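Residue numbers (the working numbering), protein chains in the order written: chain C, 403 to 718; chain B, 13 to 286; chain H, 120 to 513. The beta carbon of each residue, even a glycine, is placed where N, CA and C say it ideally should be. From a predicted model like this one, the values you see are computed outputs, not experimental measurements.
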């Protein structure tokens with residue numbers, strides 16, 4: 403029985419893929435790539451369940467551009483001949499998986515939820531038609547798949563897997579170069595791991611009005627998030643607060659959507675929240691189909707009341 | 013051919029190929045939750061939203077740099093309407109690829125068919141696709157097409173600049189913007205935020221009918237039907253179901269203070285706030 | 120006969136649909152807050168629909184025929200009569216009238232700016248004491264040194280208080296014949312306007328009162344031949360009525376759509392109300408009415424296309440005029456009934472402007488009054504059949 407190979411440009415996400423591999427009862431090998439010494443990365447992924455870590459260090463991999471990265475993954479793949487290869491559903495992962503699959507002439511499943519093995523391939527669920535439907539898809543034989551972030555816990559426990567350095571890596575010639583990089587504008591806030599998120603949407607009429615939401619967030623020890631229009635279009639909040647398909651996928655214990663109608667791009671980013679609350683004037687807003695508790699009404703009247711009540715009840 | 017002294021060498025126009033998918037309008041589907049069914053009857057169709065951004069970008073590049081845009085769609089026969097829309101938006105000629113053997117293939121199969129179409133078109137400098145289509149959003153076609161054509165792939169473009177043979181792309185990645193450069197030919201997949209697609213005017217819609225629209229099939233492309241479509245798909249869709257929302261959907265109405273109070277109590281009871 | 124739409128018609132409808140989807144949330148807010156929706160103009164400008172049936176010679180004119188234009192107005196009508204009324208005032212009654220009767224110089228001067236939305240148009244015929252009976256109009260003008268001076272008042276003018284250019288009708292002072300039409304710019308001396316408040320419906324659409332006090336109109340702004348004002352008005356009303364008919368078909372369609380959604384979801388007596396046969400009857404009746412209205416309207420639009428192609432042919436014109444009157448009468452009544460039925464399907468929830476049937480019910484009521492009341496149209500239709508000698512008010 404061949405194993406699974408996992409690769410992610412972030413070690414943390416790679417550990418989630420290791421958990422998946424172990425869960426499927428397969429031997430897991432991890433690929434680490436870069437242009438320098440890879441011992442730190444290798445150490446991070448040396449956890450229970452990992453049998454082998456393959457390292458390729460090459461100048462061609464300094465920016466992890468798709469071309470040389472796929473070349474590197476191909477060279478590991480051909481050595482290991484795994485049945486399955488998993489990537490994280492990050493933008494990087496999703497540009498690599500299809501190209502590698504096309505090169506290897508095997509199947510490709512992106513954003514695979516609930517991946518399972520069947521007799522001759524892998525079965526998974528995918529959200530399609532704007533989240534209106536779930537397609538159950540199956541590969542015929544070996545496949546690569548990208549797995550949504552945080553779908554699995556990170557594997558842990560120190561271990562000492564085999565470490566194999568691939569020295570004879572020869573990337574194809576490439577004509578693509580990186581001219582520069584601009585990090586996303588970041589606030590102090592980490593929305594990704596927040597336990598409670600209160601998110602603002604188009605229902606807010608002006609930037610100053612977000613103060614009432616900040617007030618609620620303070621009482622709840624919550625982080626303020628936002629839907630795409632408020633970050634990308636209006637710039638009321640930094641980009642790293644954006645919840646949704648083009649922002650961050652979040653999984654808090656409590657998600658309060660205020661003045662957010664619930665476009666599918668947004669819903670995709672918060673669907674995994676444990677408890678969802680929606681406050682919106684439009685009772686037909688899609689968010690009300692995706693909430694546990696909802697209030698149809700004017701957020702300007704409701705939020706201060708809610709803040710007052712919770713402050714009282716929580717004794718803050 | 014000799015050059016007149018003082019005249020610049022005449023540059024060949026930029027040849028752009030843009031690919032789109034004709035999809036069901038997912039926003040107007042009727043979902044029958046009770047019977048776990050999606051009602052496709054009479055469903056509207058459209059150019060996939062993100063593909064419209066790719067078409068728009070192709071037209072903007074042409075408006076800036078000059079050039080000729082060939083728009084390509086692999087789809088059902090009724091994709092002709094969408095193809096005309098792409099022409100109305102400013103594409104110059106269209107190739108609509110229709111063949112029963114191409115139906116129900118996986119995205120890799122579509123990418124392979126597109127690669128054969130591109131080869132038949134012959135000359136090109138730039139291929140544009142979206143990052144994903146609104147129906148299945150696999151995001152496979154762009155990178156796979158680049159692989160089949162052995163082209164550099166510049167994905168998630170939020171800005172594209174072409175100067176001579178040089179192509180510069182801002183890529184909107186998870187953690188920031190990466191600016192990359194390469195020489196054409198290349199394949200670029202665009203992000204939604206790259207532009208706001210235009211509305212074609214009625215005049216443009218009417219004149220789209222006069223532009224070249226060729227229908228090609230497996231035979232024209234010299235594709236053996238057994239290596240594409242459902243016959244060759246490495247991933248198949250087994251079933252389609254309606255997601256069950258496990259949410260409670262308890263809605264409080266009435267006066268703001270009453271609704272807020274009920275909500276606060278519910279949150280405490282759930283142990284969601286501490 | 121073939122009822123298929125061309126790909127081109129489907130595409131312009133998709134463009135319209137996208138614009139309509141953009142305007143819907145804005146219109147929702149404006150309607151509930153009972154304020155003018157100032158986004159209608161920019162949204163439909165972006166979709167290049169503000170000069171749809173105007174000749175391509177003029178600015179953003181797109182040269183659509185009357186049928187294509189009617190199809191677009193049907194889609195617009197689904198968003199609400201207020202939004203469609205903007206088109207009726209600006210395009211059907213305003214620009215089409217200017218295009219038909221204006222001199223080449225007038226058309227060059229104004230149509231590029233009206234088709235691109237720089238100027239909004241309106242049509243001023245009705246007065247506080249003259250609605251169905253234009254001969255009772257009190258607005259009058261005198262001519263001095265090549266300038267017309269206009270006095271009077273106009274009421275219930277769609278787009279009236281927002282328009283930049285208004286087609287205005289008046290009699291020569293002291294007479295009730297020889298009516299003339301004028302193009303009045305908002306900034307002409309002696310012109311003022313205000314919006315009408317406390318309307319039954321159409322809260323997000325502008326309905327204005329216009330005042331002319333010795334309003335100074337340069338000679339080159341006379342529209343059409345001297346004394347031919349009534350002909351100008353009647354031709355305008357043909358286009359206007361067709362736009363109302365098309366819009367009302369859209370309203371009925373929206374009522375049907377809303378009723379279907381509600382009947383599929385709402386549960387009473389332990390089953391979806393769509394399973395109750397008396398609810399099914401309401402739905403069937405809306406649908407039958409709607410289809411009949413749609414066919415009458417499409418036929419009227421086709422007749423209008425024919426008449427537009429042969430402007431000299433009076434028989435064609437008269438046929439089109441009659442078809443349009445029938446279509447407008449039918450669709451205005453059907454949309455009102457459809458709103459009432461949809462409201463009934465909604466039950467108590469129908470009795471709120473939060474839901475669309477209630478809005479349609481009050482808004483579409485206007486359509487049985489403006490651009491020919493039910494009664495005037497009934498007479499018009501009957502006289503066409505009985506013969507001109509049966510004209511009631513001649």
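9 angstroms is my cut-off, CB to CB: does residue i come that close to chain B?
{"i": "residue 637 of chain C", "result": "no"}
{"i": "residue 233 of chain H", "result": "no"}
{"i": "residue 578 of chain C", "result": "yes"}
{"i": "residue 339 of chain H", "result": "no"}
{"i": "residue 130 of chain H", "result": "yes"}
{"i": "residue 662 of chain C", "result": "no"}
{"i": "residue 451 of chain C", "result": "no"}
{"i": "residue 690 of chain C", "result": "yes"}
{"i": "residue 427 of chain H", "result": "no"}
{"i": "residue 377 of chain H", "result": "no"}
{"i": "residue 483 of chain C", "result": "no"}
At the 9 angstroms Cβ level, is residue i part of the contact set with chain C, yes or no?
{"i": "residue 530 of chain H", "result": "Look at the range of chain H in this structure, 120 to 513, and you will see that residue 530 of chain H is not part of it."}
{"i": "residue 53 of chain B", "result": "no"}
{"i": "residue 50 of chain B", "result": "yes"}
Three-state secondary structure (DSSP) at residue i?
{"i": "residue 20 of chain B", "result": "Note that residue 20 of chain B scores a pLDDT of 48, beneath 50, so its modelled location is shaky; the value from the coordinates is reported in the next line. Residue 20 of chain B: coil per DSSP, three-state reduction."}
{"i": "residue 196 of chain B", "result": "coil"}
{"i": "residue 517 of chain C", "result": "strand"}
{"i": "residue 702 of chain C", "result": "helix"}
{"i": "residue 281 of chain H", "result": "coil"}
{"i": "residue 459 of chain C", "result": "strand"}
{"i": "residue 312 of chain B", "result": "Here chain B covers residues 13 to 286 and nothing more, so residue 312 of chain B does not appear."}
{"i": "residue 85 of chain B", "result": "strand"}
{"i": "residue 466 of chain H", "result": "helix"}
{"i": "residue 209 of chain H", "result": "helix"}
{"i": "residue 638 of chain C", "result": "coil"}
Cβ of residue i less than 9 angstroms from any chain H Cβ?
{"i": "residue 213 of chain B", "result": "yes"}
{"i": "residue 685 of chain C", "result": "yes"}
{"i": "residue 132 of chain B", "result": "no"}
{"i": "residue 222 of chain B", "result": "no"}
Leaving out five residues before and five after residue i in sequence, what residues of the same chain have Cβ atoms less than 7 angstroms from its Cβ?
{"i": "residue 218 of chain H", "result": "173, 174, 226 and 230"}
{"i": "residue 571 of chain C", "result": "458, 460, 474 and 477"}
{"i": "residue 379 of chain H", "result": "402"}
{"i": "residue 505 of chain C", "result": "472 and 476"}
Starting from the C-beta of residue i, find all residues in its chain whose C-beta is less than 6 angstroms away, skip the five residues before and the five after it, and write them out in chain order.
{"i": "residue 428 of chain C", "result": "405 and 406"}
{"i": "residue 501 of chain H", "result": "none"}
{"i": "residue 574 of chain C", "result": "473"}
Going by beta carbon distance, what residues of the same chain come within less than 8 angstroms of residue i, once the five residues before and after it are set aside?
{"i": "residue 523 of chain C", "result": "509, 540, 541, 542, 543, 544 and 545"}
{"i": "residue 270 of chain B", "result": "264"}
{"i": "residue 20 of chain B", "result": "Confidence in residue 20 of chain B is poor, its pLDDT being 48 and thus under 50, which makes the residue's placement unreliable; the coordinate value appears in the next sentence. Same-chain partners within the cutoff: there are none."}
{"i": "residue 457 of chain H", "result": "370, 371, 374, 375, 405, 408, 409 and 479"}
Determine, for residue i, whether the minimum Cβ-Cβ distance to residues of chain E falls below 9 angstroms.
{"i": "residue 284 of chain H", "result": "This model lacks chain E altogether; the protein chains it does include are C, B and H."}
Is residue i a contact residue of the ligand MN, with contact defined as CB to any heavy atom under 8 angstroms?
{"i": "residue 230 of chain H", "result": "In terms of ligand content, the structure shown is empty, and the ligand MN therefore cannot be addressed."}
Against chain B, which members of the region 174-185 of chain H pass a CB distance test of less than 8 angstroms? Sequence-ordered contacts of the region 174-185 of chain H with chain B read 175, 179, 181, 182 and 183 [C-beta pairs closer than 8 angstroms].
Residues of the region 155-170 of chain H with a CB closer than 8 angstroms to any CB of chain B: list them in chain order, please. Taking 8 angstroms as the Cβ-Cβ cut-off against chain B, the residues of the region 155-170 of chain H that qualify are 165, 166 and 167.
Taking any Cβ of chain H, which residues in the region 258-275 of chain B have a Cβ under 9 angstroms from it, in chain order? Contact annotation: in the region 258-275 of chain B, no residue has its CB less than 9 angstroms from a CB in chain H.
Should the region 591-598 of chain C be called in touch with the region 638-657 of chain C, which here means at least 3 C-beta pairs below 8 angstroms? yes
Which residues, in chain order, does the region 132-151 of chain H contribute to contact with chain C at a C-beta distance below 9 angstroms? 144, 147, 148 and 151
Listed in chain order, which residues of the region 241-252 of chain B have Cβ atoms closer than 7 angstroms to some Cβ of chain C? Answer in chain order: 246, 247, 248, 249, 250, 251 and 252.
Are the region 324-332 of chain H and the region 307-315 of chain H in contact at 8 angstroms, needing three or more beta carbon pairs? Judged by Cβ distances under 8 angstroms, the region 324-332 of chain H makes contact with the region 307-315 of chain H, as three or more pairs qualify.
Counting only Cβ-Cβ distances shorter than 7 angstroms, please list the residues of the region 87-108 of chain B near chain H, keeping chain order. 92, 93, 96, 97 and 100
Which residues, taken in chain order from the region 503-522 of chain C, show a beta carbon closer than 7 angstroms to some beta carbon of chain B? So the close ones are 503, 504, 505, 508, 509, 510, 511 and 512.
Given a limit of 9 angstroms on CB to CB distance, which residues of the region 156-182 of chain B reach chain C? 156, 157, 158, 159, 160, 162, 164, 165, 166, 167, 168, 180 and 182
Segment contact, 8 angstroms Cβ cut-off, at least three pairs: the region 343-351 of chain H with the region 446-462 of chain H: no
Touching by the beta-carbon criterion (3+ pairs, under 8 angstroms), the region 55-63 of chain B and the region 695-713 of chain C: no
Touch check for the region 553-572 of chain C and the region 173-185 of chain B: three-plus C-beta pairs under 8 angstroms? no
Using a Cβ cut-off of 8 angstroms, which residues of the region 521-547 of chain C contact any Cβ in chain B, in chain order? 525, 528, 529, 530, 531, 532, 533, 534, 535, 536, 537, 538, 539, 540, 541, 542, 543 and 545
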